[in-house]
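The block underneath contains the structure these notes are about, expressed in structure tokens.
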Amino acid sequence: MGTTAIVPVFNEERTIKNLLSTLDNSVLIEEIVVVDDGSTDSSLEKIKGFEREILGKLEVIFQRKNLGKAGAVRTATKHLKTDILFFCAGDLINFKKEHIKQILKPFNYDDFVKSLLKGHFEAQSAETISSDNISQKPLTS
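Position 75, counted from 1, in the sequence shown is what the numbering used here calls 59; the numbers after and before it change by one each time, with no gaps.
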């Protein structure tokens, strides 16, 4: 149950390197998919330079035509290999890996399984004492 960070980018040359570094340093992020949405600055060069540093974790997609943030996200979702998506704006400043941990906490695998089991057992108990079951039993023995 891994997590992919999706990062739509348009002219983010000043912020993208720090953001990618933060995502890379988080053990919770297995994959980073960056969609450069037709940047006219040096964003793509900075992203590709970072891609060489973290081979295998970062996938870079370049769209010549700017399709907007929704279009970039749609493009990224076609390249996913994990179960959880983490949307991240390319212009985030002061973003730290502690923020990622805090945001993804509800998706913690152990907590997810515990709540799934709890819900299952509560459903089983409710089924045993539901009004339908009681009404089907004879009133006298």
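For each residue, glycine too, the CB sits at the ideal point set by N, CA and C. Predicted, not measured: the structure shown is a model, and the values here were computed from it.
query                                                                                                                                                             : result
At 4 residues or longer, what runs of the alpha helix (DSSP H) sit wholly inside the region 8 to 54?                                                              : 27 to 37
Across which residues does DSSP place I68 in a beta bridge pair?                                                                                                  : T(-13)
If I follow the unbroken alpha helix (DSSP H) through E(-3), where does it start and stop?                                                                        : Run containing E(-3): none; DSSP gives neither H nor E here.
Give the C-beta separation of T6 and K80 to the nearest angstrom, bearing in mind that I take them to be a contact with Cβ-Cβ under 8 angstroms.                  : 6 angstroms
For the putative contact between I38 and A60, defined by C-beta atoms under 8 angstroms, what is the C-beta separation to the nearest angstrom?                   : The pair is not a contact, with the Cβ atoms about 17 angstroms apart (cut-off 8 angstroms).
Please report how far the alpha carbon of S10 lies from the alpha carbon of R(-2), in whole angstroms.                                                            : 21 angstroms
Distance check for F91 and P(-8), CA to CA, integer angstroms please.                                                                                             : 22 angstroms
Note down the Cα distance separating F(-6) from E15, rounded to an integer number of angstroms.                                                                   : 20 angstroms
Kindly say whether T(-13), judged by its beta-carbon, lies nearer than 8 angstroms to any beta-carbon of chain D.                                                 : Among the chains in the structure shown there is no chain D, since it carries only a single protein chain.
Report all residues from its chain with a CB closer than 6 angstroms to the CB of A56; omit the five preceding and five following residues, and keep chain order. : P(-8), V19 and D21
Return the residue from the list D75, E43, T66 and K30 that minimises the CA-CA distance to L12.                                                                  : T66
Rounded to whole angstroms, what is the Cα-Cα separation between K85 and D75?                                                                                     : 19 angstroms
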